[in-house]
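Below is one structure, written out as C-alpha coordinates; the observations come after it.
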Amino acid sequence: MEYVVFSALIIAFIAFIFIMGILDERRAKKRFREKLEKDYGKPSNKQYVEGRLSTISGYYKKTIGETDFFIDDITWNDLDMDRLYQTMDYTFSAAGEEVLYKTLRCPSMKEDDLKEREEKINYFRENKEQRINVQLLFASIGRTGKYSIVDYIDYLDNLNEEKLTKHIVMLIGMGVSLAGIFLNPAIGLTAFCILLAMNIMLYFPSQNRIAPYLTTFAYLLRVIKAIEKLDKCHVPVFDKEMKALKRLRKETNAFAKGSFVIFGDKAVKSNPIEILLDYIKMCFHIDILKFYSMLKEAKSHKKAFLEMFEIIGSMEVVISIGAYSESLSYY
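First residue of the sequence shown: 632, per the working numbering; consecutive thereafter.
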(Lines of atoms letter the chains of each structure in order from A; the text may use other names.)
(Lines give C-alpha, C1' and ligand atoms only; values in the text may rest on other atoms or scores of the structure.)
Protein backbone atom coordinates (compact mmCIF):
# COMPACT_ATOMS: atom_id res chain seq x y z
CA MET A 632 0.00 0.00 0.00
CA GLU A 633 2.84 2.36 0.87
CA TYR A 634 4.37 1.82 -2.57
CA VAL A 635 1.09 2.80 -4.25
CA VAL A 636 0.83 6.00 -2.18
CA PHE A 637 4.48 6.87 -2.83
CA SER A 638 4.09 6.28 -6.59
CA ALA A 639 0.94 8.41 -6.64
CA LEU A 640 2.78 11.24 -4.87
CA ILE A 641 5.66 11.08 -7.36
CA ILE A 642 3.24 11.19 -10.31
CA ALA A 643 1.31 14.08 -8.72
CA PHE A 644 4.56 16.00 -8.15
CA ILE A 645 5.66 15.53 -11.78
CA ALA A 646 2.21 16.60 -12.99
CA PHE A 647 2.37 19.67 -10.72
CA ILE A 648 5.75 20.75 -12.16
CA PHE A 649 4.46 20.17 -15.70
CA ILE A 650 1.30 22.26 -15.12
CA MET A 651 3.21 25.04 -13.35
CA GLY A 652 5.59 25.25 -16.31
CA ILE A 653 2.67 25.69 -18.71
CA LEU A 654 1.03 28.33 -16.48
CA ASP A 655 4.30 30.28 -16.10
CA GLU A 656 4.75 30.28 -19.85
CA ARG A 657 1.21 31.59 -20.39
CA ARG A 658 1.65 34.36 -17.80
CA ALA A 659 4.94 35.43 -19.41
CA LYS A 660 3.29 35.50 -22.83
CA LYS A 661 0.43 37.63 -21.49
CA ARG A 662 2.84 40.14 -19.92
CA PHE A 663 4.82 40.34 -23.14
CA ARG A 664 1.65 40.91 -25.18
CA GLU A 665 0.70 43.80 -22.88
CA LYS A 666 4.20 45.25 -23.28
CA LEU A 667 3.94 45.09 -27.09
CA GLU A 668 0.64 46.96 -26.99
CA LYS A 669 1.96 49.60 -24.58
CA ASP A 670 5.38 50.20 -26.17
CA TYR A 671 4.31 50.62 -29.81
CA GLY A 672 5.22 54.14 -30.90
CA LYS A 673 7.33 54.89 -27.84
CA PRO A 674 11.08 55.59 -28.21
CA SER A 675 13.04 52.36 -28.50
CA ASN A 676 15.06 51.43 -25.41
CA LYS A 677 16.33 48.12 -26.75
CA GLN A 678 19.39 46.61 -25.07
CA TYR A 679 21.93 44.61 -27.07
CA VAL A 680 24.15 41.74 -26.01
CA GLU A 681 27.75 42.95 -25.65
CA GLY A 682 29.45 42.85 -29.05
CA ARG A 683 26.20 42.42 -31.00
CA LEU A 684 26.22 45.89 -32.60
CA SER A 685 29.46 45.03 -34.41
CA THR A 686 27.95 41.88 -35.98
CA ILE A 687 24.50 43.17 -36.99
CA SER A 688 26.02 44.09 -40.36
CA GLY A 689 26.71 40.37 -41.05
CA TYR A 690 23.88 39.79 -43.51
CA TYR A 691 24.50 43.11 -45.30
CA LYS A 692 28.18 42.22 -45.82
CA LYS A 693 27.21 38.75 -47.05
CA THR A 694 24.86 40.12 -49.73
CA ILE A 695 26.46 43.48 -50.62
CA GLY A 696 27.48 42.18 -54.04
CA GLU A 697 23.82 41.59 -54.93
CA THR A 698 22.74 45.24 -54.50
CA ASP A 699 22.78 48.05 -57.09
CA PHE A 700 23.31 50.81 -54.55
CA PHE A 701 24.56 51.01 -50.98
CA ILE A 702 25.74 53.66 -48.53
CA ASP A 703 29.51 53.43 -48.17
CA ASP A 704 31.21 53.25 -44.77
CA ILE A 705 32.47 56.85 -44.79
CA THR A 706 29.03 58.31 -45.56
CA TRP A 707 27.38 55.95 -43.08
CA ASN A 708 29.71 57.06 -40.29
CA ASP A 709 29.52 60.77 -41.23
CA LEU A 710 25.71 60.60 -40.91
CA ASP A 711 25.98 58.72 -37.59
CA MET A 712 23.69 56.04 -39.03
CA ASP A 713 24.55 53.51 -36.32
CA ARG A 714 22.75 55.74 -33.83
CA LEU A 715 19.79 56.16 -36.18
CA TYR A 716 19.66 52.39 -36.64
CA GLN A 717 19.36 51.88 -32.89
CA THR A 718 16.49 54.39 -32.60
CA MET A 719 14.65 52.56 -35.42
CA ASP A 720 15.24 49.04 -34.13
CA TYR A 721 12.03 47.63 -32.65
CA THR A 722 12.78 44.08 -33.84
CA PHE A 723 12.78 40.89 -31.74
CA SER A 724 14.58 38.45 -34.05
CA ALA A 725 18.12 38.30 -35.41
CA ALA A 726 16.63 38.23 -38.90
CA GLY A 727 14.76 41.48 -38.22
CA GLU A 728 17.86 43.15 -36.76
CA GLU A 729 20.12 42.28 -39.66
CA VAL A 730 17.64 42.92 -42.48
CA LEU A 731 16.76 46.31 -40.95
CA TYR A 732 20.47 47.19 -41.04
CA LYS A 733 20.68 46.08 -44.68
CA THR A 734 17.54 48.08 -45.50
CA LEU A 735 19.22 51.25 -44.23
CA ARG A 736 22.55 50.49 -45.95
CA CYS A 737 20.84 49.63 -49.25
CA PRO A 738 17.85 52.01 -49.50
CA SER A 739 15.36 51.22 -52.25
CA MET A 740 14.93 53.83 -54.99
CA LYS A 741 11.92 52.17 -56.62
CA GLU A 742 8.60 53.92 -56.13
CA ASP A 743 6.60 50.68 -56.29
CA ASP A 744 8.71 49.09 -53.53
CA LEU A 745 8.29 52.15 -51.30
CA LYS A 746 4.51 52.26 -51.86
CA GLU A 747 4.24 48.55 -51.04
CA ARG A 748 6.26 49.01 -47.85
CA GLU A 749 4.10 51.97 -46.79
CA GLU A 750 0.96 49.91 -47.40
CA LYS A 751 2.26 47.21 -45.04
CA ILE A 752 3.29 49.77 -42.42
CA ASN A 753 -0.20 51.31 -42.47
CA TYR A 754 -1.84 47.88 -42.31
CA PHE A 755 -0.12 47.03 -39.01
CA ARG A 756 -0.72 50.51 -37.67
CA GLU A 757 -4.45 49.99 -38.21
CA ASN A 758 -4.61 46.28 -37.19
CA LYS A 759 -3.17 46.22 -33.69
CA GLU A 760 -4.22 42.68 -32.76
CA GLN A 761 -2.71 41.11 -35.84
CA ARG A 762 0.46 43.15 -35.42
CA ILE A 763 0.90 41.87 -31.88
CA ASN A 764 0.28 38.26 -32.97
CA VAL A 765 2.94 38.56 -35.67
CA GLN A 766 5.40 40.26 -33.29
CA LEU A 767 4.96 37.38 -30.85
CA LEU A 768 6.00 34.99 -33.60
CA PHE A 769 9.09 37.05 -34.43
CA ALA A 770 9.96 37.11 -30.73
CA SER A 771 9.63 33.30 -30.65
CA ILE A 772 12.37 33.13 -33.30
CA GLY A 773 14.55 35.27 -31.06
CA ARG A 774 18.20 36.17 -31.42
CA THR A 775 21.47 34.25 -31.60
CA GLY A 776 23.64 36.09 -29.11
CA LYS A 777 26.38 38.43 -30.27
CA TYR A 778 27.18 36.74 -33.61
CA SER A 779 25.42 37.08 -36.95
CA ILE A 780 23.22 34.17 -38.02
CA VAL A 781 25.11 34.30 -41.34
CA ASP A 782 28.33 33.53 -39.44
CA TYR A 783 26.60 30.63 -37.69
CA ILE A 784 25.43 29.18 -41.02
CA ASP A 785 28.88 29.58 -42.60
CA TYR A 786 30.38 28.00 -39.48
CA LEU A 787 28.70 24.72 -40.42
CA ASP A 788 31.20 24.33 -43.26
CA ASN A 789 33.97 23.94 -40.65
CA LEU A 790 32.47 20.68 -39.43
CA ASN A 791 33.21 17.60 -41.50
CA GLU A 792 30.78 14.73 -41.37
CA GLU A 793 31.87 12.23 -38.74
CA LYS A 794 32.19 8.60 -39.74
CA LEU A 795 29.21 7.03 -38.03
CA THR A 796 30.43 3.45 -38.41
CA LYS A 797 31.39 3.06 -34.74
CA HIS A 798 27.97 4.29 -33.56
CA ILE A 799 26.13 1.93 -35.90
CA VAL A 800 28.38 -1.03 -35.01
CA MET A 801 27.75 -0.44 -31.29
CA LEU A 802 23.98 -0.34 -31.86
CA ILE A 803 24.12 -3.59 -33.84
CA GLY A 804 26.25 -5.14 -31.08
CA MET A 805 23.74 -4.18 -28.40
CA GLY A 806 20.90 -5.53 -30.52
CA VAL A 807 22.71 -8.86 -30.95
CA SER A 808 23.50 -9.08 -27.21
CA LEU A 809 19.83 -8.45 -26.35
CA ALA A 810 18.83 -11.26 -28.69
CA GLY A 811 21.50 -13.43 -27.06
CA ILE A 812 19.75 -13.10 -23.69
CA PHE A 813 17.14 -15.59 -24.95
CA LEU A 814 19.89 -18.14 -25.73
CA ASN A 815 22.16 -17.54 -22.75
CA PRO A 816 20.79 -14.93 -20.30
CA ALA A 817 24.03 -14.53 -18.31
CA ILE A 818 26.33 -14.00 -21.30
CA GLY A 819 23.79 -11.93 -23.27
CA LEU A 820 23.04 -9.57 -20.35
CA THR A 821 26.72 -9.18 -19.47
CA ALA A 822 27.62 -8.38 -23.09
CA PHE A 823 24.77 -5.85 -23.33
CA CYS A 824 25.84 -4.06 -20.10
CA ILE A 825 29.47 -3.87 -21.25
CA LEU A 826 28.50 -2.51 -24.68
CA LEU A 827 26.07 -0.05 -23.08
CA ALA A 828 28.79 1.29 -20.77
CA MET A 829 31.18 1.65 -23.71
CA ASN A 830 28.53 3.47 -25.75
CA ILE A 831 27.88 5.95 -22.93
CA MET A 832 31.63 6.71 -22.76
CA LEU A 833 31.74 7.21 -26.54
CA TYR A 834 28.77 9.58 -26.40
CA PHE A 835 30.31 12.56 -24.64
CA PRO A 836 33.25 13.24 -27.03
CA SER A 837 30.86 13.09 -30.01
CA GLN A 838 28.25 15.22 -28.27
CA ASN A 839 30.84 17.85 -27.31
CA ARG A 840 31.96 18.00 -30.94
CA ILE A 841 28.48 18.88 -32.25
CA ALA A 842 27.36 21.09 -29.32
CA PRO A 843 28.66 24.42 -30.77
CA TYR A 844 26.63 23.88 -33.93
CA LEU A 845 23.31 23.23 -32.22
CA THR A 846 22.69 26.98 -31.83
CA THR A 847 22.48 27.28 -35.62
CA PHE A 848 20.15 24.30 -35.95
CA ALA A 849 17.90 25.56 -33.15
CA TYR A 850 17.58 28.98 -34.79
CA LEU A 851 16.75 27.53 -38.21
CA LEU A 852 14.11 25.29 -36.65
CA ARG A 853 12.54 28.27 -34.84
CA VAL A 854 12.32 30.10 -38.16
CA ILE A 855 10.63 27.09 -39.77
CA LYS A 856 8.18 26.76 -36.89
CA ALA A 857 7.36 30.49 -37.07
CA ILE A 858 6.62 30.16 -40.79
CA GLU A 859 4.04 27.45 -40.04
CA LYS A 860 2.35 29.70 -37.46
CA LEU A 861 2.53 32.81 -39.67
CA ASP A 862 0.67 30.92 -42.36
CA LYS A 863 -2.21 30.42 -39.91
CA CYS A 864 -2.35 34.17 -39.12
CA HIS A 865 -3.55 34.94 -42.69
CA VAL A 866 -1.96 38.40 -43.02
CA PRO A 867 -3.14 39.70 -46.45
CA VAL A 868 -0.24 42.14 -46.96
CA PHE A 869 2.19 39.22 -46.58
CA ASP A 870 0.58 36.95 -49.21
CA LYS A 871 3.56 37.22 -51.56
CA GLU A 872 6.06 36.58 -48.78
CA MET A 873 4.12 33.61 -47.41
CA LYS A 874 3.96 31.99 -50.84
CA ALA A 875 7.77 32.13 -51.04
CA LEU A 876 8.22 30.99 -47.43
CA LYS A 877 5.95 27.96 -47.90
CA ARG A 878 8.01 26.96 -50.95
CA LEU A 879 11.22 27.27 -48.92
CA ARG A 880 9.63 25.43 -45.99
CA LYS A 881 8.83 22.52 -48.28
CA GLU A 882 12.36 22.58 -49.69
CA THR A 883 13.88 22.30 -46.20
CA ASN A 884 11.38 19.77 -44.87
CA ALA A 885 13.97 16.99 -44.60
CA PHE A 886 16.08 19.18 -42.29
CA ALA A 887 13.23 19.77 -39.82
CA LYS A 888 11.76 16.26 -39.97
CA GLY A 889 12.61 14.26 -36.85
CA SER A 890 14.50 17.14 -35.19
CA PHE A 891 12.66 16.27 -31.94
CA VAL A 892 15.31 13.57 -31.49
CA ILE A 893 17.90 16.29 -30.83
CA PHE A 894 15.92 19.15 -29.32
CA GLY A 895 12.84 17.49 -27.86
CA ASP A 896 10.23 19.89 -26.52
CA LYS A 897 11.90 22.65 -24.50
CA ALA A 898 8.65 24.55 -24.03
CA VAL A 899 8.15 23.24 -20.50
CA LYS A 900 11.00 23.17 -18.01
CA SER A 901 11.67 19.97 -16.08
CA ASN A 902 9.60 17.97 -18.53
CA PRO A 903 10.04 14.32 -17.41
CA ILE A 904 9.89 13.16 -21.02
CA GLU A 905 12.89 15.39 -21.75
CA ILE A 906 14.87 13.76 -18.93
CA LEU A 907 14.03 10.29 -20.23
CA LEU A 908 14.98 11.32 -23.78
CA ASP A 909 18.38 12.55 -22.54
CA TYR A 910 19.14 9.10 -21.13
CA ILE A 911 18.02 7.41 -24.36
CA LYS A 912 20.34 9.71 -26.35
CA MET A 913 23.23 8.88 -24.06
CA CYS A 914 22.70 5.16 -24.44
CA PHE A 915 21.87 4.89 -28.14
CA HIS A 916 23.35 8.05 -29.77
CA ILE A 917 20.18 8.76 -31.76
CA ASP A 918 20.84 12.51 -31.56
CA ILE A 919 24.38 12.09 -32.96
CA LEU A 920 23.06 10.11 -35.94
CA LYS A 921 20.26 12.62 -36.53
CA PHE A 922 22.61 15.61 -36.22
CA TYR A 923 24.79 14.50 -39.12
CA SER A 924 21.72 13.87 -41.23
CA MET A 925 20.55 17.43 -40.49
CA LEU A 926 24.05 18.81 -41.12
CA LYS A 927 24.03 17.37 -44.63
CA GLU A 928 20.62 18.97 -45.32
CA ALA A 929 21.66 22.33 -43.84
CA LYS A 930 24.79 22.49 -46.00
CA SER A 931 22.94 21.58 -49.19
CA HIS A 932 20.16 24.14 -48.55
CA LYS A 933 22.19 27.13 -47.32
CA LYS A 934 20.79 29.35 -50.08
CA ALA A 935 17.20 28.45 -49.12
CA PHE A 936 17.82 29.22 -45.44
CA LEU A 937 19.40 32.61 -46.27
CA GLU A 938 16.41 33.46 -48.50
CA MET A 939 14.10 32.44 -45.68
CA PHE A 940 16.10 34.66 -43.33
CA GLU A 941 15.79 37.65 -45.72
CA ILE A 942 12.01 37.30 -46.13
CA ILE A 943 11.29 36.84 -42.42
CA GLY A 944 13.52 39.81 -41.61
CA SER A 945 11.86 42.05 -44.21
CA MET A 946 8.45 41.21 -42.75
CA GLU A 947 9.54 42.30 -39.28
CA VAL A 948 11.22 45.42 -40.65
CA VAL A 949 7.92 46.98 -41.78
CA ILE A 950 6.56 46.72 -38.22
CA SER A 951 9.77 48.19 -36.82
CA ILE A 952 9.62 51.16 -39.22
CA GLY A 953 5.95 51.67 -38.36
CA ALA A 954 6.71 51.75 -34.63
CA TYR A 955 9.53 54.22 -35.23
CA SER A 956 7.37 56.54 -37.36
CA GLU A 957 4.71 56.52 -34.63
CA SER A 958 7.33 57.69 -32.12
CA LEU A 959 8.04 60.86 -34.15
CA SER A 960 6.15 64.15 -33.94
CA TYR A 961 5.92 64.12 -37.73
CA TYR A 962 7.63 62.37 -40.65
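Using N, Cα and C, we set each Cβ at its ideal position, and we do this for glycine too.
Asked: Is the region 658-673 touching the region 765-776 in the sense that three or more CB pairs, one from each, lie closer than 8 angstroms?; Found: yes
Asked: Hey, would you say Val868 sits closer than 8 angstroms to Tyr754, going by beta carbons?; Found: yes
Asked: In three-state DSSP terms, what is His798?; Found: helix
Asked: Might you give, ordered along the chain, the residues of its own chain that have their beta carbon closer than 6 angstroms to the beta carbon of Thr694, omitting 5 neighbours on each side?; Found: none
Asked: Quick check: Ala885 and Tyr721, are their CB atoms within less than 8 angstroms of each other?; Found: no
Asked: For Ser960, count neighbouring C-beta atoms within 10 Å of its own C-beta (all shown protein chains included) and say buried if the count is 16 or more, exposed if not.; Found: exposed
Asked: From what residue to what residue does the alpha helix (DSSP H) around Leu745 run?; Found: 742-757
Asked: Is the distance from the Cβ of Cys737 to the Cβ of Thr698 below 8 angstroms?; Found: yes
Asked: If you drop the 5 nearest sequence neighbours on each side, which residues of the same chain put their C-beta closer than 8 angstroms to that of Leu833?; Found: Lys797, His798, Met801, His916
Asked: Is Gln838 helix, strand or coil when you go by DSSP?; Found: helix
Asked: Take Phe922 and list the residues in its own chain whose beta-carbon comes closer than 7 angstroms to its own, dropping the five residues that flank it on each side.; Found: Ile841, Ile893
Asked: Going by the beta-carbon positions, is the gap between Val948 and Thr718 smaller than 8 angstroms?; Found: no
Asked: Quick check on the DSSP output: the alpha helix (DSSP H) that includes Asp862 runs from which residue to which?; Found: 845-864
Asked: Rounded C-beta distance between Ser890 and Leu852? I'm assuming under 8 angstroms.; Found: 6 angstroms
Asked: Quick check: the region 927-941 against the region 821-837, are there 3 or more CB pairs under 8 angstroms?; Found: no
Asked: For Ser808, which residues of its own chain have a beta-carbon under 7 angstroms away from its beta-carbon, when the five flanking residues on both sides are left out?; Found: Gly819, Ala822, Phe823, Leu826
Asked: Comparing the C-beta of Cys824 with each C-beta of chain C, is any distance below 8 angstroms?; Found: Chain labels in this structure do not include chain C; a single protein chain is all it has.
Asked: Would Arg878 pass as a contact of Lys777 if the rule is Cβ separation under 8 angstroms?; Found: no
Asked: Which of the three DSSP states is assigned to Asp670 in this structure?; Found: helix
Asked: Rounded to whole angstroms, what's the CA-CA distance from Met829 to Ala725? Just pull it up for me.; Found: 41 angstroms
Asked: Looking at the secondary structure, which residues open and close the alpha helix (DSSP H) in which Leu926 lies?; Found: 917-931
Asked: Out of Asp743, Leu920, Tyr783, which has the shortest C-alpha to C-alpha gap to Leu795?; Found: Leu920
Asked: In the DSSP assignment, the alpha helix (DSSP H) including Gly689 goes from what residue to what residue?; Found: 689-694
Asked: Could you have a look at Phe869 and say whether DSSP puts it in helix, strand or coil?; Found: helix
Asked: Beta-carbon within less than 7 angstroms of Gly811's beta-carbon, same chain only, minus the 5 sequence neighbours each way: which residues are those?; Found: Ile818, Gly819, Ala822
Asked: In whole angstroms, what separates the C-alpha of Leu787 from that of Ala929?; Found: 8 angstroms
Asked: Out of Gly672, Leu654, Ile648, which one is the CA nearest neighbour of Glu957?; Found: Gly672
Asked: Would you give the residue range spanned by the alpha helix (DSSP H) that Lys733 belongs to?; Found: 725-736
Asked: Quick check: the Cα distance between Phe723 and Ile772, rounded to an integer number of angstroms?; Found: 8 angstroms
Asked: Do you know how far the Cα of Glu750 is from the Cα of Asp713?; Found: 26 angstroms
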